[in-house]
Amino acid sequence: MNKTTFEFKAEIKQLLNILVHSLYTNKEIFLRELISNASDASDKLRFNQIKGMEIENSNLELEIKISADKKKNILRIRDFGIGMTVDEIIENIGTIAKSGTGEFLKILSESKENVSNLIGKFGVGFYSVFMVAEKVIVKSKSYKIGEKAVIWESDGLGSYTLSEMEDNFERGTEVEIFLKEEEKDFTEDYRLENIIKTHSNFISFPIKLGEKQINTVSALWREPKSSIKKEQYDEFFKSFTYDSEPPMEVIHTSVDAPIQFTSLLFIPKKNFDFFGYNRDNYGLDLYVRRVLIQHQNKELLPEYLSFVKGIVESEDIPLNISRETLQQNIIFNKISSSVTTTVLSHLMKMAKDRAEEYEVFWKEHGRVFTLGYGDYANQEKWLDLYRFNSSFNENEKQLTSFERYVARMKEGQKEIYYIFGQSREAVETAAQTEIFKKKGIEIIYLFDPLDEFAINSVRKYKEFEIKSVDQADLSKLEKFTDEKLDDKKTEELSKDEKLQLSSLFEKMKEILGDKVTAVKESKRLSDSPVVLLNPDDSISATMQKIMQISQNDKSIPKRIMEVNPDHILVRNLLKVYKANNNDPYISDVTNQLYQGALLLEGYLHDPHQLVKNINKMLEKSSSWYTQINSL
Ligand code: ADP
Ligand code: MG
């Protein structure tokens, strides 16, 4: 094979362009990325070794060698890991853009986050070398018997070349960096030593600068808890996750019976949005007797705990187990449920003893945690850990829990009520909540569709059913005395008037026609004249709306219009109706009430008619106003 030139894919070109031309601080992290790749390659080699595979140059020591040539301004990173074949080089650092590349570019353009905190998380760490290099040569030889060594060379501008190597290069990879003139000090020992100590101290293979070993090579999780200082945990966490801040929580446990395992888990201070970018960057590293069996194993913890980072190691899992059969392994499953319990118990304790810190946790990771409503085995714990805003809170930033809601419940209250809406303001002023306010009953406020899904599917907290306010059985509220007195209490209606009122409702239904399924007297209103309700009570009105949005359905659903018989406006309308049941004013008002209610629900797609109506009414009322005041 002669020297062949290949083009990078467009996305990689774009990435390289940014890396080469932007002036980043913290460029030193390129070394962390290359060492991390060397360490991954060594881990993989060890894994293949214990599986008994045949390996090229099997006697080579697994270490990482760093050397610098001050005169030529070259830095070399050499490992003896699995290496790469030609095809693998093309696939891994060549032509094919990894799925993370696009996401990385997007988040880089949108967030203020420093590139050094992100690059390693998106599977594009290798390219960070072009922040400091004007040329890079990668020499690599696969562990597979009989593969030829390859040379990859690029200036990071748009293409790279590949060729076979003549001399006998031993298994593994060497990255040779031709430093930019201004990055000269990356050849200085003190500088390199410092960077390795800061970013790569916990790499589990010796990192040697010349003959000197720089890192400590200790498996922190295997050391006794009592001997570990907070700084060590922090440092370990940072080098493990590439985060710039120490973790929010450290959970270090060691279990001996019935199954032996050790886990060192962290909850980071920041969530790199599980829902947006980098969705697959989660999972725990699984070690068996010091060998990394799987990086980012996704079965040790359920997805809703994916904000947890860390390591689990066990002596009891068979070393030669394949990743495919891991999930069927009884011991693995026991460890996994035990790790889950460990995390949940830690959170329970945190919620109990350090409520404020727990709220900080919730605000960062609560959204992912909410996905756990389906973990039936742990549902009780999930419910206790779930947090939300409610009418009891003074503002939308405060949080409360089911436990506290229940403690505040009215005597005899058997149900928990919630409302979903776009904002605190929207739910606070929603007509559906008026009866609850009048009776002084707390309502849970949900602002995220995910929360409504979750709450809708758990349905119960202890013996209390959880109901949406528009699905609540109002007869259950009648027994509670009013806490808030009506200031504009209207007179009782006579029997006759009641009959006329129902015929007014019939008239209103006639006016609205097919737009509503019925017009009915309401028991839930005090301040508002009307409210629209979903006739199908299997699903709340807001949920219906969300489903419509997701299906791009713009139709206006048919609702029941409930009318407040005690509202001044309704009483006046009754007078008009009594005088002339065909007065066009009735139809103007009815249509206007309907449109106003639609507007509040976010269904009014065309405001023109509404504004036209309002103007018409204002015109009338201005005439009346001038007449009354003899202007
Ligand atoms: P990541 O390490 O997150 O996969 P990188 O951009 O750092 O992303 O590396 C890309 C890929 O290139 C690695 O997944 C690996 O397959 C390959 N690679 C990089 N460096 C080495 C190395 N020293 N030895 C073997 N393979 C390597
Ligand atoms: Mg990497």
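Just so you know, the sequence shown maps onto residues 1476 to 2106 in our numbering.
Beta carbons are placed, not taken as given, at the ideal position from N, Cα and C, and that holds for glycine.
Buried or exposed, going by whether 16 or more other CB atoms sit within 10 Å of the CB of residue i?
i	result
E1713	Checking the sequence, you will find Lys at residue 1713 rather than Glu. Buried, by the Cβ-count rule.
V1613	buried
I2061	buried
G1633	exposed
E1998	What sits at residue 1998 in the sequence shown is Lys, not Glu. By the 10 Å Cβ count, K1998 comes out exposed.
R1764	exposed
I1916	buried
P2040	buried
H1770	exposed
H1674	buried
T1965	exposed
T1480	exposed
M1983	buried
E1710	buried
E1649	buried
A1852	exposed
Y1665	exposed
I1930	buried
E1909	buried
R1798	exposed
I1671	buried
M2022	exposed
W2099	exposed
I1786	buried
R1862	buried
M1640	exposed
Assuming residue i contacts residue j under a Cβ cut-off of 8 Å, what Cβ separation, rounded to an integer in Å, is found between them?
i	j	result
Y2078	I2031	5 Å
L2074	V2064	With 8 Å as the limit, L2074 and V2064 do not qualify as a contact, their Cβ atoms being about 15 Å apart.
I1891	F1939	5 Å
L1775	V1814	6 Å
E1447	V1991	This structure cannot speak to residue 1447, because the chain is shown only from 1476 to 2106.
I1652	V1692	Wrong, their Cβ atoms sit about 24 Å apart, outside the cutoff.
V1766	I1564	Their Cβ separation, rounded to whole angstroms, is 26 Å, which puts V1766 and I1564 out of contact at 8 Å.
E1531	I1620	6 Å
I1918	S1865	6 Å
K1773	Y1762	So it is not a contact: roughly 16 Å between Cβ atoms.
L1494	S1603	6 Å
L1491	G1598	Not quite, the Cβ-Cβ distance comes to about 15 Å (not below 8 Å), so this is no contact.
L1858	F1844	Not a contact, Cβ separation roughly 12 Å.
Y1893	L1846	The pair is not a contact, with the Cβ atoms about 18 Å apart (cut-off 8 Å).
D1554	S1517	6 Å
E2076	L2007	6 Å
I1541	K1683	7 Å
DSSP puts residue i in a beta bridge; with which residues?
i	result
W1627	V1613 and L1637
V2005	V2038
F1481	Y1635
N1864	Y1920
D1554	I1539 and T1648
K1687	L1684
A1608	L1654
I1549	D1544 and F1653
Just to confirm the assignment, what range does the beta strand (DSSP E) spanning residue i have?
i	result
D1760	L1759 to V1763
K1540	I1539 to D1544
K1683	I1682 to L1684
T1728	E1724 to V1730
D1562	Premise fails: D1562 lies in the alpha helix (DSSP H), V1561 to I1568, not in any beta strand (DSSP E).
S1738	F1736 to I1742
Name the two residues that bound the continuous alpha helix (DSSP H) containing residue i.
i	result
T1875	Here T1875 belongs to no alpha helix (DSSP H), and DSSP marks it neither H nor E.
S1950	Neither: S1950 is in no alpha helix (DSSP H) and is coded neither H nor E.
T1845	A1830 to T1845
Y1708	K1705 to T1716
R1521	I1504 to I1525
V1590	V1590 to L1593
G1575	S1574 to E1585
Counting only beta-carbon separations shorter than 7 Å, does residue i have a partner in chain C?
i	result
D1562	The structure shown has no chain C; it contains just one protein chain.
- Query: Can you list, in chain order, the stretches of the beta strand (DSSP E) that have 3 or more residues and sit fully within the segment 2019-2104?
  - Reply: 2034-2038
- For the segment 1878-1944, list the beta strand (DSSP E) runs that are entirely contained and at least 3 residues long, ordered along the chain. 1890-1895, 1918-1921 and 1939-1943
- Message: For a minimum of 3 consecutive residues, which ranges assigned as the beta strand (DSSP E) are wholly contained in the segment 1765-1801?
- Response: 1766-1772 and 1784-1789
- Message: At 4 residues or longer, what runs of the alpha helix (DSSP H) sit wholly inside the segment 1963-1995?
- Response: For the segment 1963-1995, the full-length alpha helix (DSSP H) segments reaching 4 residues or more read 1970-1987 along the chain.
- Starting from the N-terminal side, write out each stretch of the alpha helix (DSSP H) that is 4 residues or longer and does not extend beyond the segment 1635-1675. DSSP assignment within the segment 1635-1675 yields the following whole alpha helix (DSSP H) runs of 4 residues or more, N-terminal first: 1664-1674.
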